[in-house]
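2 protein chains.
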Amino acid sequence: MLSARFSRVSPTLAAFRTVSKTKQAKSATAGAIAYRKGIRYNSTAALYYPNEPKKPQAVTDSIPGPVSVELNEVLGEVFDNRASYFVTDYDNSIGNYISDKDGNQLLDVYCQISSIPLGYNNPELFKTAQSKEMASALINRPALACFPPAEYANILKEGILAAAPPGTDKVWTALSGSCANETAYKAAFMYLAAKKRGSLDFSDEELTSVMNNEAPGSPETVILSFDKGFHGRLFGSLSTTRSKALHKLDIPAFKWPKAPFPALKYPLNEHSRENAEEEARCLAEFEEIICQYPPHTIAAIIVEPVQSEGGDNHASSVFFQGLRDITIKYDILMIVDEVQTGVGASGKFWAHEHWNLTTPPDMVTFSKKFQAAGFYYSNPNLQPKQAYRQFNTWCGDPSKALIARTIYQEVVKNDLVTKTASVGDYLYKELDSLFKRHPGKAKNLRGEDYGTFIAFDCANPTKRNEFLLRMRGAGINIGGCGDFSVRLRPTLVFEKSHAAVLLSAMETTLQEL
Amino acid sequence: MLSARFSRVSPTLAAFRTVSKTKQAKSATAGAIAYRKGIRYNSTAALYYPNEPKKPQAVTDSIPGPVSVELNEVLGEVFDNRASYFVTDYDNSIGNYISDKDGNQLLDVYCQISSIPLGYNNPELFKTAQSKEMASALINRPALACFPPAEYANILKEGILAAAPPGTDKVWTALSGSCANETAYKAAFMYLAAKKRGSLDFSDEELTSVMNNEAPGSPETVILSFDKGFHGRLFGSLSTTRSKALHKLDIPAFKWPKAPFPALKYPLNEHSRENAEEEARCLAEFEEIICQYPPHTIAAIIVEPVQSEGGDNHASSVFFQGLRDITIKYDILMIVDEVQTGVGASGKFWAHEHWNLTTPPDMVTFSKKFQAAGFYYSNPNLQPKQAYRQFNTWCGDPSKALIARTIYQEVVKNDLVTKTASVGDYLYKELDSLFKRHPGKAKNLRGEDYGTFIAFDCANPTKRNEFLLRMRGAGINIGGCGDFSVRLRPTLVFEKSHAAVLLSAMETTLQEL
Chain A
1 MLSARFSRVS PTLAAFRTVS KTKQAKSATA GAIAYRKGIR YNSTAALYYP NEPKKPQAVT
61 DSIPGPVSVE LNEVLGEVFD NRASYFVTDY DNSIGNYISD KDGNQLLDVY CQISSIPLGY
121 NNPELFKTAQ SKEMASALIN RPALACFPPA EYANILKEGI LAAAPPGTDK VWTALSGSCA
181 NETAYKAAFM YLAAKKRGSL DFSDEELTSV MNNEAPGSPE TVILSFDKGF HGRLFGSLST
241 TRSKALHKLD IPAFKWPKAP FPALKYPLNE HSRENAEEEA RCLAEFEEII CQYPPHTIAA
301 IIVEPVQSEG GDNHASSVFF QGLRDITIKY DILMIVDEVQ TGVGASGKFW AHEHWNLTTP
361 PDMVTFSKKF QAAGFYYSNP NLQPKQAYRQ FNTWCGDPSK ALIARTIYQE VVKNDLVTKT
421 ASVGDYLYKE LDSLFKRHPG KAKNLRGEDY GTFIAFDCAN PTKRNEFLLR MRGAGINIGG
481 CGDFSVRLRP TLVFEKSHAA VLLSAMETTL QEL
Chain B
514 MLSARFSRVS PTLAAFRTVS KTKQAKSATA GAIAYRKGIR YNSTAALYYP NEPKKPQAVT
574 DSIPGPVSVE LNEVLGEVFD NRASYFVTDY DNSIGNYISD KDGNQLLDVY CQISSIPLGY
634 NNPELFKTAQ SKEMASALIN RPALACFPPA EYANILKEGI LAAAPPGTDK VWTALSGSCA
694 NETAYKAAFM YLAAKKRGSL DFSDEELTSV MNNEAPGSPE TVILSFDKGF HGRLFGSLST
754 TRSKALHKLD IPAFKWPKAP FPALKYPLNE HSRENAEEEA RCLAEFEEII CQYPPHTIAA
814 IIVEPVQSEG GDNHASSVFF QGLRDITIKY DILMIVDEVQ TGVGASGKFW AHEHWNLTTP
874 PDMVTFSKKF QAAGFYYSNP NLQPKQAYRQ FNTWCGDPSK ALIARTIYQE VVKNDLVTKT
934 ASVGDYLYKE LDSLFKRHPG KAKNLRGEDY GTFIAFDCAN PTKRNEFLLR MRGAGINIGG
994 CGDFSVRLRP TLVFEKSHAA VLLSAMETTL QEL
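In the order they appear, the protein sequences are chains A and B.
When we follow this note's numbering, the leftmost residue of the first sequence carries the number 1, and every step to the right adds one.
When we follow this note's numbering, the leftmost residue of the second sequence carries the number 514, and every step to the right adds one.
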């Protein structure tokens, strides 16, 4: 990743110095006014953001520019911001374009690490943010499980639950992806223990040993995850995270197992046989690992539809259906981590809908683009028998549930999942053709038929980092993943016109590389 | 604790049926108007809430009333709300009074499990919630460490950091008390490993083993906590939580050690010698436990100024100074968990300021009444040498930091810590006298010179639960902790007039008990 203090002058930068800072500053407001007047456009982005820039605008020789560098130094004295790309001017960010405090305006295909669904300063989200019910949610923040607001059931039903993946109808709300996954793990562990315990009550030995963090009260049960998977950075979630050593070093971890995740070869259609063999190998090894544990030791497996932080690693529906079949065979719960893949970008609202599973996952976790976090489920036994066990002070946050409701309703009203699927198809084909024009510079294009959830590899980490920096210089805010991959994570209102800007910058950058 | 489906008719309830629901509904708005007109009052509560009720108002025979029961059933179909007291009408809650959907209005001394600092529908927080910068923070939620908003440094400096405990000057922001503590643990583990590693780089063995959750990459280092302590419910924090078996059962835990926490006898002035011996015993055992571990195995200890969930257990400054001395002697970090005790209620902004430590704690964690969460520190080495290690997508939430800033500024402007100390003194003395008038019904009064952070014990768990229910019937929303304790957790604008209402209801309830 890139340090705030490390930036380079892009040779393509000068071309983008076209629009003055003053003009940028007015655009968000003008857009909001036009939107309120009901002016209609052909695209959702134009509907929301009539004054969205047509292309990036750069005013400094390098990014971060001098203002960002200075502001970062001030913040750095009190807050660890060494991962900073630049200091952001959110007031002047609009739609798919992010602005920094130097006045640069970049097309954003990274979007706060894949967590901006509808673009910056979305007018519908602004209305929600300024509503009286938002104010009440913010200033009277409830302990949701003890003193629920009367409105919470409807807020969930009209938003988070209206979006529930097929086969799920309940939700437990949380605050982040890590805490969504960890509360799902807790549900799995309590479910497993209750099943083993049957109608018995907690034993005295359990009640005593648990206070010393010892078995049987604190059991040696485990969650199985996959090599290169990422599920968060708190202690339970980090024990299932296998993305990079730097994420995990020096932090004690549970001795939980991992299974291999397929390493597919691209282009897929040229490696069908090898890839099928690779997936079969991984499934066989997965089952072998399960068999090494005594029955009822593995409470759940957790898997991402696309291993995002770990390098945007895909696998086929056959592989995921295989995982599901094996979990059912051995009576193990299946948690699908949709923290990064969920909410539309894959061309389905939930990426695992691509799999057409015959039995839905037991739990599906979410966060990021939904702003709210939590896990979906259906089996009532995933609620522990006793109250106060899946519990904490806040149990979620109604202010985030209000935001999620508007996100869901806007996605549906504007058919953004279908549109994203269509833009993704266009983008994928154009990238495929672009990479063929620049052989050896980008490879392993991934995400066909997967909306804008697209990624590719550079030759090595150095080349990848150079690519990311040059793209930033060319006015594109873009992120990496894995060791040498580039991931695209635009908004759901990223359209063909935006894709054209991205493709043009990539063409130039690949030429220069 | 109390189930929504378990409630009793209070014989004192009828006395409170005085104010119609319509009149209640108007009060919040009328209060806001009066406030905006600049009408001045003698008390901060009256300034904020000129139409705050003078006493509780009950309209149903039992709480939860029929409307709450029905609404809870609807919510319960999709969200685990079995811990619900009643379904809350936040729009009609005002100041120190919480309303339910049946129209009951209760004096609230529980306050969303100790997390409402300035009362319901506070007009200054309302202004913050409706501000343009709040809207931007909500709809453009940043990945704070990568794309910090220009304003974040000032928001921190004017709020969260302006409130920094003596000896700390930096903060890492998080989302909940659990995640505040766990990020502090991570900082401690990385600090310890870096100290042991010295100038060396990560070894190949570390880089390899960590991906398998094995030592040396995933080390066997530990956090030491105290018997009956509570530090959260995610996997790392839950391993340090020792409050109740029900909080921990069936969840795998790290084999981390615990030390005894003093069990003091009350009244303190009658048991000085025994209590000093008890604290000395605990300190000696604490040191013994430390000596059982190889050096550089215990990364940190974590301790609450008052063990809140565990039963509101206090210890003297001598004990805490002793802990600090021993941690320094053995080169172990000291984390003070101020999630529940922080932000003014103890009569100091931070409860550990009561201790007059000669060396400040290494980290202080916060959440709840500050709405924002995180940990304070000073030593720059508590930031890992490499970026992206203390890291996650959001790294906090500016919308909560804005709320925290207003909370801090209002506390200072209105001198609420001093006022809370004074109200607490009054309340403590009156309770002492009340309990003497009703011998055997409440005992072990705790929290002298500790603001409104007051607690006491009932004879046994059954009596405690009966007391809580009768108090609710008498129009007081009040919470328990430990096995048979009652804790008072009012707002910082809980004044003598409110204390008088509480005392009157307690007098009646104790008589009936």
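All C-beta atoms in this analysis are idealised placements derived from N, C-alpha and C, irrespective of residue type, glycine included.
At 8 angstroms on the CB atoms, spell out the chain D contacts of Phe-702 of chain B, in chain order.
The chain inventory of the structure shown lacks chain D, comprising the protein chains A and B.
Taking the runs of the beta strand (DSSP E) that are 3 residues or longer, which of them lie wholly in the region 717 to 753 of chain B?
Given a length threshold of 3 residues, each whole run of the beta strand (DSSP E) inside the region 717 to 753 of chain B is given here in chain order: 735 to 739.
Close-in-space but distant-in-sequence residues of the same chain around Glu-866 of chain B (CB under 8 angstroms, 5 per side omitted)
Pro-678 and Pro-679
For Tyr-120 of chain A and Asn-978 of chain B, which I take to be in contact (beta-carbon distance under 8 angstroms), what is that distance rounded to the nearest angstrom?
With a Cβ gap of about 51 angstroms, Tyr-120 of chain A and Asn-978 of chain B do not count as contacting.
Let me know the secondary structure DSSP gives Cys-994 of chain B once reduced to three states.
Here DSSP, grouped into helix, strand and coil, assigns Cys-994 of chain B to strand.
So what's Arg-324 of chain A in DSSP terms, helix, strand or just coil?
helix
Mapping the DSSP letters down to three states, classify Ala-648 of chain B as helix, strand or coil.
helix
Let me know the secondary structure DSSP gives Asn-957 of chain B once reduced to three states.
Here DSSP, grouped into helix, strand and coil, assigns Asn-957 of chain B to strand.
For Thr-240 of chain A, I'd like the list of residues in its chain whose CB is within less than 6 angstroms of its CB, leaving aside the five on either flank, ordered along the chain.
So the list reads Ile-223, Ser-225, His-231 and Ile-302, once near-sequence residues are dropped.
Proximal residues of chain A, C-beta to C-beta of Ser-830 of chain B below 8 angstroms:
Going along chain A, no residue has its Cβ under 8 angstroms from Ser-830 of chain B, so there is no contact; the nearest lies around 27 angstroms.
So Gln-383 of chain A and Asp-593 of chain B are supposed to be a Cβ contact under 8 angstroms. How far apart are they, rounded?
Indeed they touch by this definition, with Cβ atoms about 5 angstroms apart.
In the DSSP assignment, what residue or residues form a beta bridge with Met-620 of chain B?
Here residue 620 of chain B is Leu; the residue named in the question, Met, does not match the sequence. For Leu-620 of chain B, which the question treats as bridged, DSSP gives the partners B:Tyr-610 and B:Ile-989.
Any contact between the region 129 to 143 of chain A and the region 90 to 97 of chain A? By contact I mean 3 or more CB pairs, one from each, below 8 angstroms.
Touching, no.
Just reading off the beta strand (DSSP E) that Tyr-376 of chain A is part of, what are its end residues?
373 to 377
Using alpha carbons as the reference points, say which of A:Pro-305, A:Glu-70, A:Leu-125 and A:Ser-272 lies closest to Ile-335 of chain A.
Of the listed residues, the one whose Cα sits closest to Ile-335 of chain A is A:Pro-305.
For Ile-290 of chain A, the nearest candidate out of A:Ala-263, A:Asp-325, A:His-314 and A:Pro-123 (CA to CA)
Per the Cα distances, A:Asp-325.
According to DSSP, simplified to helix, strand and coil, what is Phe-366 of chain A?
Looking at Phe-366 of chain A - three-state DSSP - the assignment turns out to be strand.
Given that a residue counts as buried once 16 or more other Cβ atoms are within 10 Å of its Cβ, and exposed if not, what is Leu-416 of chain A?
Answer is buried; the Cβ neighbour count reaches 16.
What residues in the region 654 to 665 of chain B have a beta carbon less than 9 angstroms from any beta carbon of chain A?
If the cut-off is 9 angstroms between Cβ atoms, the region 654 to 665 of chain B has Arg-654, Pro-655, Ala-656, Leu-657, Ala-658, Cys-659, Phe-660, Pro-661, Pro-662, Ala-663, Glu-664 and Tyr-665 near chain A.
Just to confirm my understanding: we take Lys-861 of chain B, look at its own chain, exclude 5 residues before and 5 after, and list those with CB closer than 6 angstroms. What are they?
His-867
Output the boundary residues of the alpha helix (DSSP H) element that contains Leu-283 of chain A.
272 to 292
Beta carbon of Gly-608 of chain B, beta carbon of Tyr-562 of chain B: below 9 angstroms?
yes
Which runs of the beta strand (DSSP E), 3 residues or longer, sit entirely within the region 907 to 949 of chain B?
Qualifying beta strand (DSSP E) stretches: none in this window.
Out of A:Ser-243, A:Leu-238, A:Ala-215 and A:Thr-208, which has the shortest C-alpha to C-alpha gap to Asp-740 of chain B?
A:Thr-208
Between Pro-490 of chain A and Asp-108 of chain A, is the Cβ-Cβ spacing less than 9 angstroms?
yes
With 16 as the cutoff for other CB atoms within 10 Å, does Asn-269 of chain A come out buried or exposed?
exposed
Determine the burial state of Asp-717 of chain B: buried for a count of at least 16 other Cβ atoms within 10 Å of its Cβ, exposed for fewer.
exposed
Amino acids of chain A, ordered along the chain, whose beta-carbon sits closer than 8 angstroms to that of Glu-695 of chain B:
Leu-234 and Phe-235
Does the distance from the C-beta atom of Glu-791 of chain B to that of Lys-778 of chain B stay below 9 angstroms?
yes
What in chain B is Cβ-close to Ile-403 of chain A, meaning under 9 angstroms?
Leu-651, Ile-652 and Arg-654
For Lys-768 of chain B, which residues does DSSP report across the bridge?
According to DSSP, which records beta bridges pairwise, Lys-768 of chain B is partnered with nothing at all.
Going by Cα to Cα distance, which pick from A:Lys-329, A:Gln-390 and A:Ile-328 is closest to Val-171 of chain A?
A:Gln-390
State yes or no: is the C-beta of Leu-597 of chain B within less than 9 angstroms of the C-beta of Leu-588 of chain B?
First, the residue type needs correcting, since residue 597 of chain B is Ser and not Leu in the sequence shown. Result yes, Cβ atoms of Ser-597 of chain B and Leu-588 of chain B sit closer than 9 angstroms.
Thinking C-beta only, is Leu-759 of chain B closer than 9 angstroms to Tyr-388 of chain A?
yes
Spatial neighbours of Leu-488 of chain A in its chain, beta-carbon cut-off 7 angstroms, leaving aside the 5 residues before and after
Val-109, Thr-452, Ile-454 and Ala-455
Less than 9 angstroms between CB atoms is the rule here; does Ile-629 of chain B satisfy it with respect to chain A?
Ile-629 of chain B counts as touching chain A.
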